[in-house]
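Presented below is the structure to which this report refers.
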Amino acid sequence: MKPSKTWVIIVAVIVVLVGIRMSIGQGMARAYVERVDQSVDVKANATHVATTFKWTEWHPVQPKMYEAAQKADANQTRFAFSWANTIGLWLSAFFTLAIFSFLYRDNPGYRLAEAVIIGVSAAYWGVVGFWDTLVPKLFGALTPMLVHEKVLPSLPDPTMGQVVAMYFALALGIMLLMRLAPKGGWISLWPIAFIIGVTAGLKIVSHVESDLVAQTVATFQPLVNLKSADHVTQLWPTIWASLANILLVVGVLCCLTYFFFSVDHKGAVGRVARVGIMYLMITFGAAFGFTVMGRVALLAARVEFLFDDWLWLIDPAGKRIVEMATAVGSMLCWW
Amino acid sequence: MSKFITILEGLDRRWIFLAMAISVAGPILIIGITGKTLPETPTPAARAVYSEIEKLPVGTPVLIAFDFDPASGGELTPMATSLVHQCAARGLRMVFIALWPLGPQLIDETIRRVILADYPNLKEGIDYVNVGFQSGNEAVMKVMLTDFAKAFPITKNGTAVGDVVALKGIQRASDFPLLVEVCAGYPGAKEWIQYVISSSGGKIKMVTGCTGVQTPQLYPYYPVQLNGMLGAIKGAAEYESLVNSSLAPKDSSAAIPAKYLEAQRRMGPQLGAHLLMVGLIILGNIAFFAQRKSKVRATS
């Protein structure tokens with residue numbers, strides 16, 4: 000499918016506008032950092048002489064701080080332009096637009112962005128799994144001296160119970176990996192059975208406690224809910240509160256009737272079940288509405304990023320010196 | 000009319016995407032340039048979140064869980080910012096934890112944006128602490144019920160939790176009178192209710208800020224098991240306006256920092272997008288009924 004002429008024109012106009020934005024005012028999409036020198040004195044114990052470790056950190060700062068510092072002293076070294084952060088900003092904008100481009104149709108830019116997301120997520124999960132789970136929990140229990148010395152000096156010593164539990168977990172983990180072996184795949188069924196058993200045991204108790212019992216209790220509401228202030232019953236608050244409780248109780252009973260399939264949904268039962276369907280439809284509608292709201296909020300956040308951090312068209316946080324209204328105004332004038 | 004219906008029937012969906020982009024981008028530009036936001040009237044669920052935090056005495060430890068990642072930041076960052084803002088202003092002892100691996104970085108970002116910027120008198124390790132991430136989901140919650148230090152042996156910075164002043168007197172989860180949960184999915188508010196709130200016998204109260212997708216699933220828990228709730232960006236905007244109005248400086252001419260107006264700013268694009276959605280649903284129905292009518296005519 001070839002892109003229609005209209006869409007080519009729309010994309011071309013957007014590209015031209017971005018180009019114009021780059022060339023007017025202060026430009027766009029630049030990141031600045033502040034140099035912060037750090038140091039720490041480290042002593043192995045009370046008798047040792049402290050060794051001072053020094054390093055430099057570069058903290059992101061608002062463009063206006065760089066501009067102000069440059070205005071005061073052109074040779075200052077505290078604030079600097081950051082190539083790394085600027086490239087990151089441009090990459091962020093590129094990937095945002097690449098993902099949005101799927102709305103037009105599938106394309107190499109979208110596929111690249113998708114592959115990068117999957118790759119980065121997989122790598123991140125691998126690193127997190129190693130450093131936050133295997134190192135403190137498994138190695139911290141089985142080789143505590145090594146972990147204390149090299150990685151986490153503050154990690155508490157494991158108890159005998161924890162060590163035994165970790166040997167058990169290690170054995171289960173190795174058994175689970177047998178699934179990948181050409182022979183003996185059945186061994187992985189044992190840890191899977193263990194996981195399912197423990198999860199079911201945990202979930203059944205909590206679901207019965209918090210969902211079945213607690214929700215049933217929450218449904219037993221008085222149909223007439225008297226609301227009073229200073230020992231005087233208030234008419235409208237009482238009516239509204241009672242109506243809410245009646246709607247709740249009627250809704251629960253009707254929905255339960257709809258899901259009761261041992262009786263034909265005819266006559267009175269059918270009518271009650273129909274009311275139950277209406278309740279369900281309203282619930283689905285509310286869920287759809289909330290989902291739309293959530294997705295629009297995410298879209299708005301990305302568009303705000305493009306307009307604020309990348310294009311420098313708006314500046315709600317006052318990060319830059321030039322009034323953004325001026326920038327937008329000059330852009331419109333040029334147009 | 001029939002021509003209009005024909006156009007609607009054959010409308011390329013990409014025009015709808017473009018209309019959505021314009022309806023979202025337009026209000027963002029207008030609000031970004033003018034700085035004006037839409038007024039918000041807090042609902043009882045948002046007011047409950049505010050009052051649950053407000054009624055705690057100064058210095059009370061509060062467990063704040065950041066169970067989300069940057070993918071949901073557009074919805075949840077504004078409410079996380081306002082929740083920390085109110086807790087810091089109230090002088091509560093904030094203990095941050097995360098059951099999502101990217102939570103600790105988001106906690107650090109919120110601490111930098113709110114506490115370090117506006118409450119420099121609060122000391123790390125004394126008034127607040129980032130305990131960090133712990134893997135294990137529900138298992139961590141269950142362990143926390145009996146032994147907090149066992150669930151989180153060290154903080155994000157590598158300090159043993161027993162040495163942290165902010166955690167003094169904290170043996171188990173029920174030592175926190177309030178749990179503030181900001182969540183985007185699993186594990187999240189539902190699991191906290193199932194494994195911690197239900198088992199605590201009413202010792203812990205819980206308020207949550209959640210995504211729009213989760214909101215309908217969590218409403219049944221409010222107000223019995225869940226004491227307050229911020230549903231999606233709308234709940235965030237309501238709560239934000241409530242916190243801003245209560246913490247507004249005496250000098251009313253002073254502007255509220257933009258970081259505390261993030262949710263309210265995003266209600267403009269919400270209005271534009273929802274108006275478009277309503278319009279499209281009406282147009283879709285008109286096209287549907289017109290099509291049905293013409294089919295009935297054709298068959299008769």
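So the protein lines, in turn, are chains A and B. The letter at position 168 of the first sequence is residue 167 when you use numbering that gives the first Met the number 0, and the numbering goes up by one with no holes. The letter at position 33 of the second sequence is residue 32 when you use numbering that gives the first Met the number 0, and the numbering goes up by one with no holes. C-beta atoms are modelled at their ideal positions from N, C-alpha and C, and glycine is treated no differently.
Neighbouring residues, chain B, relative to residue i (Cβ below 9 Å)
i      : result
F214/A : Note that residue 214/A corresponds to Gln in the displayed sequence, not to Phe. Result: P219, Y220, V223, Q224.
I194/A : Under the 9 Å cutoff, chain B gives no residues; its nearest Cβ is about 11 Å from I194/A.
Residue closest to residue i, alpha-carbon to alpha-carbon, out of the options
i      : options                       : result
R171/B : I196/B, M143/B, G31/B         : M143/B
M205/B : A231/B, H84/B, Q216/B, Y221/B : Y221/B
L222/A : S241/A, S209/A, E303/A        : S241/A
K2/B   : S299/B, S293/B, I281/B        : S293/B
G25/B  : G271/B, G234/B, I125/B        : G271/B
A87/B  : V128/B, A47/B, L98/B          : V128/B
L137/A : A164/A, L90/A, T290/A         : A164/A
A257/B : A97/B, G31/B, G187/B, A18/B   : G31/B
T59/B  : I169/B, P77/B, A188/B         : I169/B
S198/B : I276/A, I8/A, A213/A, V268/A  : A213/A
W239/A : I116/A, L225/A, M159/A, E33/A : L225/A
Q85/B  : T214/B, L246/B, I96/B, A188/B : L246/B
V130/B : T214/B, F147/B, I196/B        : F147/B
Element boundaries [beta strand (DSSP E), containing residue i]
i      : result
N129/B : 127 to 132
F336/A : Any property of residue 336/A remains undetermined from this structure, which presents chain A solely from 0 to 334.
G124/B : From DSSP, G124/B is part of no beta strand (DSSP E); its letter is neither H nor E.
T207/B : 204 to 209
R34/A  : 31 to 41
D66/B  : 60 to 66
F167/A : Element bounds for F167/A: not the beta strand (DSSP E) but the alpha helix (DSSP H), 159 to 176.
Within chain A, partners of residue i - CB distance below 7 Å
i      : result
E74/B  : G293, A296, L297
S197/B : S205, E208, S209, A213
F16/B  : L102
V23/B  : V295, L298, A299, V302
K258/B : A316
Per-residue burial, residue i [other beta carbons within 10 Å of its own, 16 or more giving buried]
i      : result
L91/B  : buried
E180/B : buried
M21/A  : exposed
L154/A : buried
W124/A : exposed
L151/A : buried
H230/A : exposed
D162/B : exposed
P56/B  : exposed
Y185/B : exposed
Proximal residues to residue i (C-beta, below 6 Å), its chain only, five neighbours per side dropped
i      : result
L178/B : L62, I203, M205
K53/A  : S38
A112/A : F94, A97, I98
Y109/A : A97, S100, F101
G250/A : Y278
T33/B  : none
E137/B : E190, Y194
Same chain, Cβ closer than 7 Å to residue i, neighbours up to 5 away in sequence not counted
i      : result
V271/A : C253, T256
D156/A : P143
I125/B : V164, A165
L96/A  : none
Y118/B : A87
Partner residues on chain B for residue i, Cβ-Cβ distance less than 7 Å
i      : result
T132/A : S134
S153/A : I153, G157, T158, A159
T237/A : In chain order: nothing, as chain B lies at least about 16 Å away.
I98/A  : Those within 7 Å of I98/A in chain B number zero; the least Cβ separation is about 12 Å.
T282/A : P215
Cβ-heavy atom distance, residue i to the ligand HEM, below 7 Å
i     : result
M93/B : For the structure depicted, the ligand HEM is absent and the ligand set is empty, with no information on it obtainable.
Chain-ordered chain B contacts of residue i [CB-CB under 8 Å]
i      : result
D307/A : G31
F289/A : G211, V212, T214, P215, G230, A231
Beta-carbon neighbours of residue i, restricted to chain A and to distances below 8 Å
i      : result
P305/B : No answer is possible for residue 305/B: the residues shown for chain B start at 0 and end at 299.
R265/B : A296, A299, A300, E303
Q269/B : M292, V295, A296, A299
A360/B : With chain B running from 0 to 299 in the structure shown, residue 360/B is simply not present.
Residue i - containing alpha helix (DSSP H), residue span
i      : result
Q25/A  : Careful: Q25/A lies outside any alpha helix (DSSP H) and carries neither H nor E.
A114/A : 107 to 127
G200/A : 188 to 206
V251/A : 234 to 257
Under 9 Å by beta carbon: chain A residues contacting residue i
i      : result
Y49/B  : Simply none; closest approach about 21 Å.
Y194/B : L201, S205, S209
G34/B  : P315
Other residues of its chain near residue i: CB distance less than 8 Å, five sequence neighbours each side excluded
i     : result
V35/A : T55, E56, W57, H58
P69/B : L101, L105
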